[in-house]
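First the structure, in the form of structure tokens, and then the observations on it.
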Amino acid sequence: MSEPDPRPSGLSQTFKRLIDRLFGRTDEKEELIEQLREAQAHSVIDADAVSMMEGVLQVADLAVRDLMIPRGQMDVLDINEPLDTLLPQVIEAAHSRFPVTDGSKDNIIGILLAKDLLRVLANDEKDIRGLLRPAVFVPESKRLNVLLRDFRNNRNHIAIVVDEYGGVAGLITIEDVLEQIVGDIEDEHDTDEEEDNILALDHAPGQFRVRALTPLEQFNEFFDCQLNLESADTIGGLVTDHLGRVPHRDERVKAFGFEFEVQRADARMAHVLLVRRLEMQEVKPASEPESR
32 MSEPDPRPSG LSQTFKRLID RLFGRTDEKE ELIEQLREAQ AHSVIDADAV SMMEGVLQVA
92 DLAVRDLMIP RGQMDVLDIN EPLDTLLPQV IEAAHSRFPV TDGSKDNIIG ILLAKDLLRV
152 LANDEKDIRG LLRPAVFVPE SKRLNVLLRD FRNNRNHIAI VVDEYGGVAG LITIEDVLEQ
212 IVGDIEDEHD TDEEEDNILA LDHAPGQFRV RALTPLEQFN EFFDCQLNLE SADTIGGLVT
272 DHLGRVPHRD ERVKAFGFEF EVQRADARMA HVLLVRRLEM QEVKPASEPE SR
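Counting from 32, one number per residue, gives the positions in the sequence shown under our numbering.
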């Protein structure tokens with residue numbers, strides 16, 4: 032009976048390098064991601080596992096401002112509005128938690144859980160002040176991995192994002208952070224409405240956060256352009272087709288009169304793009320793709 036070969040196989044070496052990097056022998060995350068993809072190619076781990084590990088790595092690199100819902104897109108309730116005005120707003124927005132303001136989005140006085148409105152209705156009460164939970168405020172620069180730990184430790188699900196001057200810049204939820212790791216989380220209130228596919232960034236005029244799955248028809252209508260619909264159905268698919276491969280996170284692609292910065296991506300596809308329209312002098316011919 033022959034002795035087993037003590038030399039590690041190429042597959043074992045790949046897996047060992049992967050584990051070494053996971054446990055901190057190097058902080059070169061891009062190299063680690065390449066090792067993850069190599070392990071996937073050798074069937075050591077599947078695509079879902081690679082995507083989740085990439086998401087974990089990306090969370091440590093991103094700040095709250097990268098994922099927050101901008102101030103202009105926040106659904107809030109004004110404490111001064113009568114209950115019969117607030118209730119339809121809650122039903123239409125279909126969120127589980129709402130920031131409550133006192134006259135202005137810069138004056139958030141608490142968080143209301145939608146389910147707590149049932150108590151108001153059952154007791155025929157008119158004032159919701161006693162139902163408000165304390166609001167948690169975080170700076171735009173806070174790292175997502177730190178925020179996720181705080182969410183877990185404090186059993187909190189939503190935070191109000193403030194800028195350096197103390198003004199409200201937006202909000203972020205635990206679901207937003209978890210989706211960065213595991214992908215989109217659909218619940219019973221999620222809809223297929225397209226209005227959130229393209230969001231203007233309040234802190235970066237001229238820039239838009241665009242879901243990669245945004246239909247090209249919607250993109251064309253929003254930006255008043257005529258991108259080719261033959262090679263792809265979505266804006267993320269068009270960028271991928273232009274590159275001839277799946278784009279990497281932080282990669283910037285100038286094409287079709289726009290700059291696309293990949294904010295979130297995994298081994299299979301891009302998820303979120305930052306988009307701005309190029310100035311005339313920046314536009315390259317379609318045959319000269321530029322990326323980095």
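Yeah, the Cβ is synthetic: ideal placement off N, Cα and C, and Gly gets one too.
Can you tell me where the alpha helix (DSSP H) with Arg183 in it begins and where it stops?
Arg183 -> alpha helix (DSSP H) spans 175-185.
Cβ contact (3+ pairs, closer than 8 Å) linking the region 293-302 and the region 266-283:
Between the region 293-302 and the region 266-283, the count of Cβ pairs shorter than 8 Å is three or higher; the stretches touch.
Specify whether the region 234-245 and the region 109-119 touch according to this definition: at least 3 beta carbon pairs, one from each stretch, less than 8 Å apart.
Not touching, per the Cβ criterion.
Contact between the region 159-168 and the region 184-199 (3+ Cβ pairs under 8 Å):
Contact between the region 159-168 and the region 184-199 is present: 3 or more CB-CB pairs across the two stretches fall below 8 Å.
What residues are listed by DSSP as bridge partners for Thr265?
Note: Thr265 sits in a beta bridge opposite Pro246.
Coarse secondary structure for His273, derived from DSSP in three states:
Helix.
Do three or more CB pairs link the region 192-211 to the region 63-77 at distances below 8 Å?
The region 192-211 vs the region 63-77: no contact.
Taking Cβ positions, are Ala91 and Asn176 nearer each other than 7 Å?
Yes, they are a contact pair.
Closer than 8 Å by C-beta to Met300: which residues in its own chain qualify, once you throw out the five before and the five after it? Chain order, please.
Ala243, Gly267, Thr271, Val277, listed in sequence order.
With respect to the beta strand (DSSP E) encompassing Arg307, which residues constitute its N-terminal and C-terminal limits?
301-308 is the span of the beta strand (DSSP E), which, as asked, contains Arg307.
Please state the DSSP three-state secondary structure of Tyr196.
Look at Tyr196 here: in three-state DSSP terms it is coil, with no helix or strand label.
Could you tell me the alpha carbon to alpha carbon distance between Gln257 and Ile212, rounded to whole angstroms?
Each residue's alpha carbon lies about 33 Å from the other.
Between Asn138 and Ser262, what straight-line distance do the alpha-carbon atoms span, to the nearest angstrom?
About 48 Å.
Between Arg128 and Ile142, is the Cβ-Cβ spacing less than 7 Å?
By the CB criterion at 7 Å, Arg128 and Ile142 fall inside the cutoff.
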